[in-house]
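Protein chains in written order, with my numbering: chain A, 1 to 158; chain B, 1 to 570.
Virtual Cβ for every residue (Gly too), placed ideally from N, Cα, C.
This one's a predicted model, so the numbers in the text were calculated from it and none came from an experiment.
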Ligand code: SF4
């Protein structure tokens, strides 16, 4: 971060980090990596009734370069896994990952030759959402949790 | 046992006396078992010469009979359908373990190409003279064939690192008969699976001449979750939640499709009220499915507003399904022998309310789009498929009807008293993207009409059959009588055991014919469950549909086919 260098060692640094985190957490740009049923619930979240824009994360971007929140929604199998990994690698820092639903979290009830048993085998995950599929409120809750985490991260690393 | 059972088998036996091993009729299905040597001739005869002719290859699948005594190791099973009389026939060709090979029927039907690839992938059966016999669901480099009985369900294999290269998929593999040359140097473009219009798990690689697609190849399998393998280790009731996740846009309809097949092999008839409720939830699901299909297709075409309108209506229907089944999306509502919970007056009011919103949404969207210049330019005469090709590819459902073939199982082989409802089957005339989308529009209206009728006619009575071998007894019975307790215990511990045999049952799902082929060995778990996913043939044809069009047309075409990857890859 250019700003960090500019103000390094200064007493304001900490506060600036927090300010940046504050700005970031209310303008998350999700990259919806939806492969299965869970993605349909996500469509519900961006639709008017649940309206994710109340939380500042409505600007979905399908380009990993333009987004900072990878939302993995759905089953990831071994054929899909390398692609997910590549998408994650292509995202710029800072970046966060939400694993939505039982499948992304642990493989769900697909314990078989084809399905990856949780995306945390290949990418780090910040927030897990339980459910099959999680309710839209669950997704919004995860977003709030992530926002809290972003604040805490900024407080933690000096 | 060469006893002819009807005209079809009789003619077949007369024509191929040395090749028909056996024929029988069970559960209303006609089955012919034949020697594999002349399979192409036999199927050609059925397709072209016999009356009625079976012009459609509805399904082709494999079965591994490893655990059956006195049986050849493998079998390839063909399900044929006559569009004129709606007769069906099943042809089975046994293959030995030492020589699991058979002739490809891809010269007869275009549908056979992908079906046979899947059987090769899952069972390792070799199809002679197949134009492009390679894996389809699993990745290249996968060892073994997962649906073989001796492949352990949990044996995982890491994808070879070379496969990580996204562009490994080679267009050279695309079998191509014409030898035309491009005037310029072509460009290869990879689309998906992580692409907004590819629904997360579908991938195309196209060769472009400018912006025109010269050749295209589709790759699927990015959401293969082993539904069929899981079914073999679950009881019949436990399979139902898995069926929710086949076509997750309309999960209730998949439940019904599967339960319908199991009830067929059990030989039971569900109570009238349960039937009517099933009709209601099926049609609700059809509406929900079409709403998402259309909304997503419009978003891909740049018409975002319509997405908001449609999702609002869908949200209202969600409220009803939630009240009914306790879940929005994966409802797990149907039970073998009936449905889980009764429909309450509250829900009926909810449905009427939802329909008000739906009517408004349909009206708003059709006003915005029906005569919209941009929309028409992008959809009319784009992605045309002819009647003949559609039949050869095994199209069913709205996409087939958009070509002008009025085949609808609800009308032609009615189940659940669909013949007593007053509704129309909308058909198109051009078979282009516009027709496919517009047919869905009209189908939503017709489904709403069916539901209105069903709600007024909802008969009183039980919602489950009373057979103690199939339905769980009422809780008061379980706690109140020793017999009830025993029945409960037996069903929970032993499961439902249909007789030994096989059935194929088809229902009209949102995307077309949803078929389940169940082989039972008499135990509580199905020996084999094959799901005939309606969008598999649609996807198979998409390679050809997009060729010659612009790259932006690909998005419109894929959107209009409504490819739901959950049921495509299973
Ligand atoms: S968690 Fe459940 S709803 Fe989500 S993708 Fe997996 S099976 Fe589908």
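contact_flag[the region 94-106 of chain A, the region 54-74 of chain A] where n(CB pairs < 8 Å) is 3 or more: By the Cβ rule, the region 94-106 of chain A counts as touching the region 54-74 of chain A, because three or more pairs are nearer than 8 Å.
Where residue 62 of chain B falls: helix, strand or coil (DSSP): In this structure, residue 62 of chain B counts as strand in the three-state DSSP scheme.
CB contact below 9 Å: residue 218 of chain B versus chain A: When Cβ-Cβ separations below 9 Å define contact, residue 218 of chain B makes no contact with chain A.
Beta-carbon gap between residue 532 of chain B and residue 59 of chain B smaller than 9 Å: Taking 9 Å as the cut-off, the Cβ atoms of residue 532 of chain B and residue 59 of chain B count as close.
8 Å Cβ shell around residue 431 of chain B - same chain, five flanking residues per side excluded: Around residue 431 of chain B: 384, 385, 386, 387, 390, 402, 403, 404.
Residue 531 of chain B beta carbon near ligand 1 (any heavy atom closer than 8 Å): Flag unset: Cβ of residue 531 of chain B not near ligand 1.
beta-carbon residue 536 of chain B near ligand 1 non-hydrogen atom, thresh 8 Å: Checking every heavy atom of ligand 1 against the Cβ of residue 536 of chain B, none is found closer than 8 Å.
The alpha helix (DSSP H) enclosing residue 56 of chain A, as first and last residue numbers: Neither: residue 56 of chain A is in no alpha helix (DSSP H) and is coded neither H nor E.
Completely contained alpha helix (DSSP H) runs for the region 30-115 of chain B, where each covers 4 or more residues: As summarised for the region 30-115 of chain B, the continuous alpha helix (DSSP H) elements at least 4 residues long and confined to that stretch are 39-44, given in chain order.
Cβ-based neighbour list, residue 169 of chain B, same chain, cut-off 8 Å, excluding 5 preceding and 5 following: The predicted position of residue 169 of chain B is uncertain, since its pLDDT is 47 and thus under 50; no value can be drawn from it.
Spatially closest choice to residue 142 of chain B from B:279, B:37, B:106, B:123, by CA coordinates: Residue 142 of chain B has its Cα closest to that of B:123, out of B:279, B:37, B:106, B:123.
Backbone CA spacing between residue 22 of chain B and residue 561 of chain B [nearest angstrom]: If you draw a straight line from the Cα of residue 22 of chain B to the Cα of residue 561 of chain B, it comes to about 39 Å.
Proximity winner among B:68, B:79, B:91, B:309, relative to residue 36 of chain B (alpha-carbon distances): Closest option to residue 36 of chain B, Cα to Cα, is B:91.
The beta strand (DSSP E) enclosing residue 504 of chain B, as first and last residue numbers: First-last of the beta strand (DSSP E) with residue 504 of chain B: 501-509.
Check whether residue 277 of chain B and residue 463 of chain B have beta carbons under 9 Å apart: Yes; because the gap between Cβ atoms is below 9 Å, this pair is in contact.
Burial state of residue 539 of chain B, where buried means 16 or more other Cβ atoms lie within 10 Å: Burial of residue 539 of chain B is indicated by the presence of at least 16 other C-beta atoms within 10 angstroms of its C-beta.
Unbroken alpha helix (DSSP H) run spanning residue 104 of chain A, endpoints: Residue 104 of chain A -> alpha helix (DSSP H) spans 101-106.
Residue closest to residue 192 of chain B, alpha-carbon to alpha-carbon, out of A:83, A:16, A:76: Comparing Cα-Cα distances from residue 192 of chain B to each of A:83, A:16, A:76, the minimum goes to A:83.
Chain A contacts made by the region 346-361 of chain B, where a contact means CB separation under 7 Å: Within the region 346-361 of chain B, no residue has a Cβ that lies closer than 7 Å to any Cβ of chain A.
Proximal chain B residues relative to residue 151 of chain A, where beta-carbon distance stays under 7 Å: Within 7 Å of the CB of residue 151 of chain A, no CB atom of chain B is found; the nearest one sits about 30 Å away.
Helix, strand or coil at residue 212 of chain B [DSSP, three-state]: It is a strand residue.
Buried versus exposed, by CB contacts within 10 Å (16 or more), residue 165 of chain B: Model confidence at residue 165 of chain B stands at a pLDDT of 44, short of 50, so the residue's coordinates are unreliable; what they give is reported in the following sentence. By the neighbour-count definition (other C-beta atoms within 10 Å, threshold 16), residue 165 of chain B is an exposed residue.
Where residue 253 of chain B sits in the DSSP three-state scheme: Looking at residue 253 of chain B - three-state DSSP - the assignment turns out to be helix.
Chain B within 9 Å of residue 95 of chain A, Cβ atoms only: Closer than 9 Å: no.
Chain E residues whose Cβ lies nearer than 8 Å to that of residue 62 of chain A: Among the protein chains in the structure shown, which are A and B, there is no chain E.
7 Å CB neighbourhood of residue 163 of chain B in its chain, flanking five on each side removed: Model confidence at residue 163 of chain B stands at a pLDDT of 47, short of 50, so the residue's coordinates are unreliable and nothing is read from them.
CB of residue 363 of chain B within 9 Å of CB of residue 40 of chain A, strictly: No, they are not a contact pair.
Any C-beta of chain B under 9 Å from that of residue 25 of chain A: No, because no Cβ of chain B sits closer than 9 Å to the Cβ of residue 25 of chain A.
Whole-Å CB distance - residue 50 of chain B paired with residue 8 of chain B, under 8 Å assumed: Taking 8 Å as the upper bound for CB-CB distance, residue 50 of chain B and residue 8 of chain B are in contact here, some 7 Å apart.
Min CB distance residue 330 of chain B to chain A below 9 Å: Interface residue, yes.
Near-chain A residues of the region 231-243 of chain B - C-beta to any C-beta below 9 Å: Answer in chain order: 241, 242.
Interfacial residues, the region 68-81 of chain A to chain B, with Cβ spacing under 7 Å: Hits within the stretch, in order: 74, 75, 77, 78, 79, 80, 81.
Check whether residue 284 of chain B and residue 317 of chain B have beta carbons under 9 Å apart: In terms of Cβ geometry, residue 284 of chain B and residue 317 of chain B form a close pair [threshold 9 Å].
Residue 252 of chain B Cβ short of 8 Å to ligand 1 heavy atom set: Proximity of the beta carbon of residue 252 of chain B to ligand 1 is not indicated: no heavy atom of the ligand is located closer than 8 Å.
Residues that residue 51 of chain B contacts on chain A, provided the C-beta gap is smaller than 8 Å: Taking a Cβ-Cβ threshold of 8 Å, none of the residues of chain A is close to residue 51 of chain B; the smallest such distance is about 44 Å.
Residue 288 of chain B Cβ short of 8 Å to ligand 1 heavy atom set: Result no, Cβ not under 8 Å from ligand 1.
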